[in-house]
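In the working numbering, the protein residues as written are 580 to 758.
Cβ coordinates follow ideal geometry from the N, Cα and C atoms, glycine included.
First the structure, in the form of structure tokens, and then the observations on it.
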């Protein structure tokens, strides 16, 4: 809304008018006290808002780029951790296999009374410890795979977020261009 002065009245009181008929003319002063020409002041304000909109969306794009880079690094880290875990799993599996073989020999030796019951139980404990370690590695692997799935989903969402950002910027620019 702009303040103005009623310059002309085109219809008489009580006169029948149709939609779109000119009823009055309002004049608006073109000069403002602080900015000079009103049209120039409005154009300057619109230009400033357009610059602000562009800066805001550029900043949001940089944030999305930083998120993408961060997700890429996190994904690489989780993949490296999974590879290390697989190597550790193979080592633990071999240790467990050897502990089971030793336990079988201890059982045979216990039947012949070459080892004590305590020695047999100690070997059984070693086998159980190895088995527990393998279960712990399996839990870690499951957790890392879940984390990897979350990172993949977050990465997959970034293009849609960028598209939404582009659409919002176009909408804001179109709105400003209509002012």
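Buried or exposed: where does residue i fall if 16 or more other Cβ atoms within 10 Å of its Cβ makes it buried?
i           : result
residue 677 : exposed
Which residue's Cα is closest to the Cα of residue i: the options?
i           : options          : result
residue 707 : 672, 644 and 596 : 672
residue 655 : 740, 753 and 726 : 726
In whole angstroms, what is the alpha-carbon distance linking residue i and residue j?
i           : j           : result
residue 625 : residue 660 : 52 Å
residue 633 : residue 667 : 51 Å
residue 760 : residue 650 : Any property of residue 760 remains undetermined from this structure, which presents the chain solely from 580 to 758.
residue 643 : residue 736 : 10 Å
residue 648 : residue 680 : 48 Å
residue 588 : residue 753 : 35 Å
residue 631 : residue 605 : 33 Å
residue 636 : residue 748 : 7 Å
residue 741 : residue 733 : 13 Å
residue 686 : residue 704 : 13 Å
Hey, residue i and residue j are a contact pair by Cβ (cut 8 Å); roughly how many whole angstroms apart?
i           : j           : result
residue 640 : residue 744 : 7 Å
residue 664 : residue 699 : With 8 Å as the limit, residue 664 and residue 699 do not qualify as a contact, their Cβ atoms being about 32 Å apart.
residue 682 : residue 709 : So it is not a contact: roughly 10 Å between Cβ atoms.
residue 590 : residue 602 : 5 Å
residue 607 : residue 583 : 4 Å
3 or more residues per run - each beta strand (DSSP E) lying fully within the region 591-636: Here the runs fully enclosed are 603-606.
Which residue spans inside the region 719-757 form an unbroken beta strand (DSSP E) run of at least 3? You should have found no qualifying run.
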